[in-house]
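Q: Below you'll find the structure I mean.
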Amino acid sequence: MSSPASGHSDEAPPLPPPTELSAEELRFQVSFPTAFQTTAELEPPDHDLVGQERAQAALDLGLGIAGSGFHIFVSGMAGAQKLDVVHDWVAQQARQAPTPGDWVYVHNFADPDVPQAIGLSAGHGARLKARMGQLVKSLREELPKAFREEAFDREKDDLKEKYLAQAQALNASLEAKAKDKGFLLQMSPQGMILIPVVNGQPLKGPEEFQQLAEDQQAAIEHKRRALLADLADFPRQQRDIMRAMAEDIRQVEQRFCENVIAPHLAAIGQDIHSSAVAAYLEQVKRHTVEHLDAFKEPTDHDGPPGVSPPVDQAPVGQTLVGQTLVGQDQLYEYEVNVVVDNAHTTGAPVLTENTPTYQNLFGSIERVLDRGGRLVTNFTRIKAGSILRAHGGYLIFNLEDALTEPAVWKTLKRTLKSGRIAPETYEPLSLFSAAGLQPQPVAVQLKLIVVGSPSLYHSLYALDPEFQDLFKVHADFRHTLELSGQHGQLYGQWVARLCRQENLPHFERSGVARLVEFGARRVGDREKVSAASTEVADLVREAAYWAGKDKAGLVTAAHVETALQQRRFRANRIEEELREMITRGTVLLDSQGKKVGQINGLAVLDIGGHSFGRPSRITASVGMGQAGIVNIERESRLSGSSHDKGLLILSGYLRNRFGQDKPLALSASLCFEQSYSGVDGDSASSTELYALLSRLAEVPLRQDLAVTGSVNQWGEVQAIGGANEKIEGFFDVCEAHGLTGQQGVLIPAANVRNLILRADVVRAVEDGRFHIYPVQTIDQGIELLSGLRAGSVDEAETINGRVSRRLQELAVRIRKFGTHKQTDGDEADHINPDHEEKPVPTETKTCVS
28 MSSPASGHSD EAPPLPPPTE LSAEELRFQV SFPTAFQTTA ELEPPDHDLV
78 GQERAQAALD LGLGIAGSGF HIFVSGMAGA QKLDVVHDWV AQQARQAPTP
128 GDWVYVHNFA DPDVPQAIGL SAGHGARLKA RMGQLVKSLR EELPKAFREE
178 AFDREKDDLK EKYLAQAQAL NASLEAKAKD KGFLLQMSPQ GMILIPVVNG
228 QPLKGPEEFQ QLAEDQQAAI EHKRRALLAD LADFPRQQRD IMRAMAEDIR
278 QVEQRFCENV IAPHLAAIGQ DIHSSAVAAY LEQVKRHTVE HLDAFKEPTD
328 HDGPPGVSPP VDQAPVGQTL VGQTLVGQDQ LYEYEVNVVV DNAHTTGAPV
378 LTENTPTYQN LFGSIERVLD RGGRLVTNFT RIKAGSILRA HGGYLIFNLE
428 DALTEPAVWK TLKRTLKSGR IAPETYEPLS LFSAAGLQPQ PVAVQLKLIV
478 VGSPSLYHSL YALDPEFQDL FKVHADFRHT LELSGQHGQL YGQWVARLCR
528 QENLPHFERS GVARLVEFGA RRVGDREKVS AASTEVADLV REAAYWAGKD
578 KAGLVTAAHV ETALQQRRFR ANRIEEELRE MITRGTVLLD SQGKKVGQIN
628 GLAVLDIGGH SFGRPSRITA SVGMGQAGIV NIERESRLSG SSHDKGLLIL
678 SGYLRNRFGQ DKPLALSASL CFEQSYSGVD GDSASSTELY ALLSRLAEVP
728 LRQDLAVTGS VNQWGEVQAI GGANEKIEGF FDVCEAHGLT GQQGVLIPAA
778 NVRNLILRAD VVRAVEDGRF HIYPVQTIDQ GIELLSGLRA GSVDEAETIN
828 GRVSRRLQEL AVRIRKFGTH KQTDGDEADH INPDHEEKPV PTETKTCVS
């Protein structure tokens, strides 16, 4: 190692060569805290929040605080049944809460366009509806009978006689006036007829009148006109008699109606104790006595004989106002629309809205076409949404689904802030606007529990200040569980519950252990397992299917393995085609020999939920210049930002190790060969660095080893993702080419805890046919790949010494070249010393590194 005086940076002491991982170290061992042979011996878990202590604490807090704003946002849950999991947990807490009451809408007799909302005790909504239905039925039966009773007829006849006498007296006075004037008065349907009387005899027709002398005719006509003037007030007097009689008869009817309806209304009031209901029943009583025609039987005109009804007076028992709505069709006004019914609810209601549209959340007012083709509605068409039906309880829905619905988010915030809701007609695409009902708003108190992704939570929290005030509780579920303690046996308990629920064969202990291995591989950690119970449930069902094909009574590890192999078989067509292209030589890849500036990198492709490793050839070229390291993927716009960052780190590594005593003057390019679909991630940065060092040192690298791992500026190899898939991808290619016993993979030492490999790969390691080397530094890796010692920059025949000498030569040569060009009259800027260093791609193809 050089002293600081020499211009070189201090270097850490070299590490010993990496030790190959043994098959025993690679095997995944599962231990259960409780001894069991089959899952039939295990009890299902008490709830689905085992291992989610933070999320459970958040849910408990949100459910325990009744104040506004403490609504709950749940994130991190996986699987289609995540709403059901939340529902089951909330339902357990809601059983101890008080049961909220019902809500009904009734007709507002004072303002029909504003239906009245009434809150009642649980179950009383349906009871009020039934009692009002019985009231209408009773009135239809009892009122007509009351109007046929002898007492009613007697009072009615007395009134008729009274007003008949008045009518007769009026007629008699008119006849007397006519007689005094020399006329005979006759009544007809057409009105009053005046017949002149001459010599004590009424004239029989116009002919006799024409035979009279002219002076006699003139005298009769004069008297007729005077008499008509006296009789001009007769129609008004006649109408007054009719109106007075109708009013008196109606008062009698109303009195009889009150006697009939009062006991019924009193009984309803005693059954349902509510001041709002009492006020409503008083309105019903008033409306009923004022609209008796809806309950009366049709009758003929019943007035004083000889008196024609005035033209503006309809027959008793009929009406001219709204005839199409009067009668039985109008009795909807006495109905009760129960929009929230908690008669059969125990504790607080817990609702899950799977389709959070505007109408489903906030309610609606339905419209129907009448016989005239018009859209009409009334209060019986009011439909409550989930928010109103969850009043006094809990509502759960997926917020990501709700945000895609027009007007939902804005209306939801307004409702939660005001604590009031009223169903309304929502027709954003309607071509015509029409006035509708405006139901009275209802004060709602509920706890909203929405489910969404963590990114959605953080986006809304940052961009919408109102979101922060409304959703103060964040229940963030973990994707993984520690494989220790009670979690070690959780998979077995999940299986036990599912087998009982769906009548599946139970699992042997080995089958559960294979499920745990699957869960650990899903999260890529030997000390953790996936918390996604739905994924485990799917695998349980598939394994049970294959056990059924074998006619086995219990599901074993072999059946689980068969299910996993069949999954891979159904999804790996593209993987096999790519491997076939490598085997045939269409895609160039060496698995034997040594080459300078060439190395096998590893990437991960994720296609349709199936992830697999794909080896790729990475090459490096170096020449004199000052372009720095050029990323061919970046220049062709096939790399992502993290891949470009990896190349910039390579430049930092070269400056840190080799640029302390000389300028770095080189032009180098790195490339993923035969890559056309894009590359991202930095997990190939160490691989690219090995290729670059090999080209600079002119030292060949082993092609029977593949490499993965990112690197920092100090040359430390860092952990990457997809280690299992990458190792298995190169193993499959080597197996297709033929295993030589020398092939293997270099991985970061930090990824050893992530290794949960296929059984065939572990067996190959056990037999010495395949090797896995964990490395910590670039020096360790380059020694294994080249067979030479990494050494320091001052040791001539080591890798680092050769690289340093080559860089020194490039710097000297380019200086000489630049001086030579200047002496020839050319400008020095032909060298372009300020050329931007280009980052290099390093990783995956359409995939994750």
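In my numbering, the protein residues as written are 28 to 876.
For glycine and all other residues, C-beta sits at the position ideal for the given N, C-alpha and C.
Using the rule of at least 16 other Cβ atoms within 10 Å of the residue's Cβ for burial, across every protein chain shown, is Val304 buried or exposed?
A: Val304 comes out buried.
Q: Report buried or exposed for His485, applying the criterion of at least 16 other Cβ atoms within 10 angstroms of its Cβ.
A: Looking at its Cβ environment, which holds fewer than 16 other Cβ atoms inside 10 Å, His485 is exposed.
Q: DSSP three-state call for Pro40: helix, strand or coil?
A: Looking at Pro40 - three-state DSSP - the assignment turns out to be coil, as it is neither helix nor strand.
Q: For Phe100 and Ala547, I'd like the C-alpha separation in whole angstroms.
A: Cα-Cα distance, rounded: 28 Å.
Q: Rounded to whole angstroms, what's the CA-CA distance from Thr46 to Tyr800? Just pull it up for me.
A: The straight-line gap from Cα to Cα measures roughly 6 Å.
Q: How many angstroms separate the CA atom of Thr373 from the CA atom of Arg122?
A: Roughly 6 Å between the two C-alpha positions.
Q: Given a cut-off of 8 Å on the beta-carbon distance, is the pair Val788 and Leu732 in contact?
A: For Val788 and Leu732, no; Cβs fall outside 8 Å.
Q: Distance, Cα to Cα, Ile809 vs Ala817?
A: Roughly 7 Å separates the two Cα atoms.
Q: Does the beta-carbon of Gly94 have 16 or more other beta-carbons within 10 angstroms, so that it is buried, or is it exposed?
A: Classification of Gly94: exposed, given that the 10 Å Cβ count is below 16.
Q: In whole angstroms, give me the CA-to-CA distance for Gln740 and Tyr680.
A: Each residue's Cα considered, the two are about 4 Å apart.
Q: Please report the distance separating the alpha-carbon of Asp207 from that of Met272.
A: About 30 Å.
Q: I need the straight-line Cα distance from His798 to Val582, nearest angstrom please.
A: Going by the C-alpha atoms only, they are around 33 Å apart.
Q: Please name the residue or residues paired with Val582 in a DSSP beta bridge.
A: Phe534.
Q: Does DSSP classify His506 as helix, strand or coil?
A: Residue state, collapsed to three classes: coil.
Q: Taking 8 Å as the cut-off, does the stretch 49-66 touch the stretch 506-516 (at least 3 CB pairs, one atom from each stretch)?
A: Counting Cβ pairs under 8 Å, three or more are found: they touch.
Q: In whole angstroms, what separates the C-alpha of Val657 from that of Arg829?
A: Near 22 Å, if we compare the C-alpha coordinates of Arg829 and Val657.
Q: Judging by CA-CA distance, which residue of Gln516, Arg606, Lys172 is the nearest neighbour of Gly756?
A: Ranking the options by Cα distance to Gly756, first place goes to Arg606.
Q: Can you tell me the Cα-Cα spacing of Arg892 and Val363, whole angstroms?
A: The question about residue 892 has no answer here: the residues shown for the chain are numbered 28 through 876.
Q: Hey, how far is the Cα of Trp116 from the Cα of Phe758?
A: Distance between the alpha carbons of Trp116 and Phe758: 45 Å.
Q: Do the stretch 585-601 and the stretch 568-577 make contact, defined as three or more Cβ pairs closer than 8 Å?
A: With the cut-off at 8 Å, the stretch 585-601 and the stretch 568-577 touch.
Q: In terms of DSSP beta bridges, what is His798 paired with?
A: Answer is Gly771, bridged to His798.
Q: I'd like to check one pair, Arg167 with Phe322: are the Cβ atoms closer than 8 Å?
A: For Phe322 and Arg167, yes; Cβs fall inside 8 Å.
Q: Looking at C-alpha atoms only, which residue of Gly650, Gly96, Leu255 is the closest neighbour of Arg840?
A: Per the Cα distances, Gly650.
Q: For Asp633, which beta-bridge partners are listed by DSSP?
A: Ser638, per the DSSP bridge assignment.
Q: If you draw a straight line from the alpha carbon of Val539 to that of Asp75, how long is it in whole angstroms?
A: Answer to the nearest angstrom: the Cα atoms are 18 Å apart.
Q: Kindly provide the ranges of any alpha helix (DSSP H) runs that are 4 or more residues long and lie completely inside the stretch 224-261, ordered along the chain.
A: Here the runs fully enclosed are 233-237, 241-257.
Q: What does the Cβ neighbour count give for Leu255, buried or exposed, with the cut at 16 atoms within 10 Å?
A: Exposed: under 16 other Cβ atoms inside 10 Å.
Q: Could you tell me which residues DSSP puts in a beta bridge with Trp116?
A: DSSP, once it has assigned bridges, lists no residue as partnering Trp116.
Q: Which two residues bound the contiguous alpha helix (DSSP H) that contains Thr379?
A: Not the alpha helix (DSSP H): Thr379 falls in the beta strand (DSSP E), residues 377-380.
Q: Quick check on the DSSP output: the alpha helix (DSSP H) that includes Val522 runs from which residue to which?
A: Its alpha helix (DSSP H) spans residues 517-529.
Q: So, with DSSP's three-state summary, where would you put His501?
A: Three-state result, His501: strand.
Q: Under a three-way DSSP split, which group does Arg277 fall into?
A: Helix.
Q: If you compare alpha carbons, which of Val550, Ser537, Arg536, Gln528 is closest to Arg568?
A: Checked all of Val550, Ser537, Arg536, Gln528; the closest Cα to Arg568 is Gln528.
Q: Consult DSSP for Glu824 and reduce its assignment to one of helix, strand or coil.
A: In this structure, Glu824 counts as coil in the three-state DSSP scheme.
Q: Leaving out five residues on either side along the sequence, give the residues of the same chain with a beta carbon under 8 Å from the beta carbon of Leu197.
A: Hits under 8 Å: Phe261, Gln264, Gln265, Ile268.
Q: How long is the line joining the alpha carbons of Phe504 and Asp633, rounded to whole angstroms?
A: Each residue's alpha carbon lies about 25 Å from the other.
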